[in-house]
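Note sheet for the following structure.
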Amino acid sequence: GDVTDIDPAELVPGDIILLEAGSVIPADARLIEANSLLVQEASLTGESHAVEKNTKTLVGDNIGIGDRHNMVFMGTSVTNGRAVAIVTETGMNTQLGRIAELIQSVDNEKTPLQRRMAQLGRTLFLLAIGIIVFGLVVGWLRGVQLDQAFLAAVAIAVAVVPEGLPAVVTVCLALGAKRMLVRRALIRKLPAVETLGSVTVICSDKTGTLTENKMTVKVIDVAGTTHDITNITQKSKSLLALEYHTFETPTQAEALLLAGADLCNDARLQRVNVPKAELRAMGDPTEAALVVAAAHFAMWKENLEDMLPRIGEVPFSSERKRMATIHQINPAYQPDGIGATHLHTILKAINTPYIAFVKGGVDSMVDACDRVWEDGQIKSLTPDYHQRIHSKNDELASSGLRVLGVAFRPMTTLPDDYTPETIENGLIFAGMIGMIDPPRPEVKQAVAESHQAGIRVVMITGDHPLTALTIAKELGITQTDNILTGAELSNMSETQLQTAVRDVSVYARVSPEHKLNIVQALQANGQIASMTGDGVNDAPALKRADIGVAMGITGTPVTKEASDMVILDDNFATIVSAAQEGRTIYDNVRKFIKYILASNIGEVITLFITQLLGKPLPLNTIQILWMNLVTDGLPALALGVEKGEPNNMKRPPYNPKEGIFARGLGGYLLRVGLIVAFVSLAVVFIVPSPDGGDARNTVWSTMVFTTLTLSQMGHALAIRSERESIFKIGFFGNKFMLMAIGGTVLLQLVLIYAPFANDFFYTVPLTLGELALCFGLAILTFLGVEFDKWFFVRRKRQHSR
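Here it is, written out as structure tokens:
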């Protein structure tokens, strides 16, 4: 039929499409022809390496997207080869369309802080209503006029409502977001700042987050000897340093193997100057790893090509699983370096004008070989050699490595055509190379810190199960072989999945829907789940998770839009640092809630008792609002920037379902409220109260107002730590607290001694003795809170023994 260009939107199932390198696939389609086809499917699977495609029929149900090698999917791209395919799905029916539907169907969950603040709001509302009713009843029983009783009740109700709390919480979260940015974590949604402190499970993608997203040679196996070169290939962070560091010395057999892998290869090392000068491996990630490995042994590709210029090639094909290159031996070349000298010696011993190098899958390589290179000699490939090669290949593959074999063939003459039949026969097996995308060096420590903090780490990847399990064990994510694949997840009910996620920490070959289901199952078990991702396929799970974390470097715009937080350096350790900061923020939120509410309860008790005793209310509404907004607000803001409690990452996360008054908060508020009230009532009884119902512009009222204010300063200083005494952590560890206390005291003095403030706040100047009494009573509040903390921390430690 005719070939024509059409708008992808006009495609319908049944249409035939032609694909070639560079094509962006416009629809989901079944391959009917494929020639050396490689497709980049990172947008669907999250895995960066190109996937080899073919037309073979697949057997089985619920085959994962990453294993559907006879299918191509909308939004992915062809990196190599050509193909013909028949369209099976278009638009919203494609895998990419299903992801879009999942994103739209996911509702955002309320954060723990939002739920707790809602609970606090309901409690305070009911308490305020109760206070008004109670105040009216008391006033009626005492024979007070209804309007006066109502005003008194409203004044007490105003005292119980922390008007400054919402602003303080918002500012505290904003400051926390700023501190997290210093740690390379960009907060997109402010409530996420506190939620990080409650996280119980971190679900992480593997490629690029837990690993370096860079294939690296780990093992070379030659002549019956396996050499782990991980320390060699990973010791130089910058490829530019390869020009300057001390190179490794290869054996003769290793030099031959590395040269074959380097020359039968289209990747190159190229010097670039953006963003900084370095050598960068350009080309397919697998081939780039081989070029870099050879360079670590001072076997530079440019030098090898001078010795052995390429004159022909047989391209890779998925049917053969091999690639071959033909080289002419340059007899005039003078080798530089031990590796090149070894290779030069081998070539002289072979004594042919040409040589072919072949690399590919080990099984396919062995099928094309009849000899093996060992101890500097060519030997027959006996059944024993055959068995050893296959056993070693299985051993390396089972440890999660991608294994390639390398062979060569000396050639006295060149064939008329370079074809698999003329080149890839009678090969001499040189050895095997095992490579892997290695873990980031800092991740293992970060995982250990997470476990110490009671946070589970779960790996969710589209990669092969063996590779996933190997990396997970190396990082300490799991110590068992317990792993679930996408196919197994598809056969599970919701109940079965909720049971499985309690023990399984590694998931492989998963689809976007599987990731979403895993997050939902964790949440159904009461977990606060964080989910990381970079591709479009991760967006539904990120949106559903309590904390959706997108990668800043590799993340797509769709993923970032669905996230709550963006990790600017794509580093898992940054997530753990952010969780630590989140715990500090959560602790600080509890501290200033304690501070504000305990102070308010002290005010309420003071007002209640004075009313019950038939005395006038010592505080007017404007004074109550001043204390709730300014006296409470400034120290509360300072508590929001308090340093984290010692060892806050050496305890399990708090129960995400706990209420706002959990872990003794309610009892603390009552105890400290009574202390504040006791100190304030001391003034009520020590200082003569005015006659009548109006206490404005009296020493008595001004002293109660000042004592309450200064008592709250003592409380703020003592509550800087919930566990340690202020005498242990020091008075000067939080300069903002000192500034807040100093500023609040200074403002209080203005209210007492400035005439314009006297008129507005109904205060009068105090004598030095009266002011000293207020300060002395406030110190009692500070000491009382310190004693309360010492007593209950000591009792808790005794119970824990």
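Going by my numbering, the first residue of the sequence shown is number 48, and it counts up by one from there.
Backbone N, C-alpha and C define an ideal beta-carbon position, used for all residues, glycine too.
The structure presented is a predicted model; accordingly, all values stated were derived computationally and were not measured.
Please return the same chain residues whose Cβ sits closer than 6 Å to the Cβ of residue i, not counting the five positions on each side in sequence.
i      : result
His274 : Ile267
Ile575 : Ser245, Val246, Thr247, Asp593, Pro703
Thr514 : Gly447
Pro382 : Thr388, His391
Leu228 : none
Val184 : none
Asp297 : First, the residue type needs correcting, since residue 297 is Pro and not Asp in the sequence shown. Correct list, in chain order: Phe344, Gly386.
Thr525 : Ala519, Ser552, Val553
Using a Cβ-Cβ cut-off of 7 Å (strictly less than) and excluding sequence neighbours within five positions of residue i, which residues of its own chain qualify?
i      : result
Asn278 : none
Thr123 : Ile72, Val86, Gln87, Glu88, Ser90, Leu91
Arg115 : Leu105
Ile150 : Ala586, Pro587, Lys590, Ala609
Tyr465 : Gly359, Glu360, Val361, Ile373
Ser558 : Gly111, Ile112, Gly533
Asn312 : Glu334, Leu337, Val338
Leu167 : Ile707
Leu257 : Ser251, Pro486, Arg487, Val490, Met506, Ile518, Leu522, Phe619
Val605 : Val583, Ala586
Thr657 : Leu664, Pro665, Val731
Leu728 : Thr653, Ile656
Lys253 : Met506, Thr508, Asp510, Ala515, Ile518
For residue i, does the three-state DSSP call read helix, strand or coil?
i      : result
Cys416 : strand
Ser552 : coil
Ala477 : strand
Ser90  : helix
Ser152 : helix
Phe722 : Reading off the sequence, residue 722 comes out as Ile, not Phe. Three-state DSSP puts Ile722 in a helix.
Leu516 : helix
Gly661 : coil
Pro462 : coil
Ser577 : strand
Ser646 : helix
Lys491 : helix
Val623 : helix
Ile79  : strand
Gly452 : strand
Leu785 : helix
Glu817 : helix
On the DSSP bridge list, what partners appear for residue i?
i      : result
Met598 : Ile614
Val71  : Ser124
Ser438 : Answer by DSSP bridge pairing: none, since Ser438 is not bridged.
Ile483 : Thr263
Glu301 : Answer is none; Glu301 lacks a bridge partner.
Gln424 : Glu421
Asn584 : Answer by DSSP bridge pairing: none, since Asn584 is not bridged.
Pro457 : Ile402
Arg844 : None, per the DSSP bridge assignment.
Ala328 : Leu316
Going by alpha carbons, who is nearest to residue i out of the options?
i      : options                        : result
Asp585 : Ala76, Thr51, Ser90, Gly452    : Ser90
Val59  : Thr51, Val405, Ser768, Glu136  : Glu136
Val405 : Lys641, Leu443, Thr469, Pro512 : Thr469
Val201 : Gly190, Val98, Leu212, Gly182  : Gly182
Gly761 : Leu827, Gly423, Leu794, Pro737 : Leu827
Gly69  : Leu660, Asn109, Asn127, Met121 : Asn127
Arg162 : Asp806, Ser624, Ile707, Leu173 : Ile707
Leu676 : Val548, Thr756, Gly661         : Thr756
Asp617 : Arg357, Tyr809, Gly580         : Gly580
Gly595 : Trp347, Pro238, Thr272         : Pro238
Leu664 : Thr296, Phe197, Lys439, Gly509 : Phe197
Phe834 : Phe774, Ala625, Arg630         : Phe774
Gly407 : Val840, Gln142, Leu304         : Leu304
Closer than 8 Å by C-beta to residue i: which residues in its own chain qualify, once you throw out the five before and the five after it? Chain order, please.
i      : result
Leu222 : Gly687, Val688
Arg235 : Lys607, Ser610, Asp611, Met612, Val613
Asn572 : Gln545, Val548, Arg549
Leu716 : Lys641, Leu644, Ala645, Ile648, Phe708
Lys265 : Asp275, Ile276, Thr277, Thr280, Leu448, Gly481, Met482, Ile483, Pro485
Val153 : Leu563, Pro587, Lys590, Arg591
Minimum length 4: unbroken alpha helix (DSSP H) runs contained in the stretch 229 to 297: 239 to 242, 277 to 280
Beta strand (DSSP E) runs contained entirely in the stretch 335 to 413, provided each spans 3 or more residues: 357 to 364, 369 to 375, 401 to 408
As an exercise, report each continuous alpha helix (DSSP H) stretch of at least 4 residues that is fully enclosed by the stretch 181 to 211, in chain order. 193 to 207
Which whole runs of the beta strand (DSSP E) in the stretch 670 to 744 are 3 residues long or more, in chain order? none
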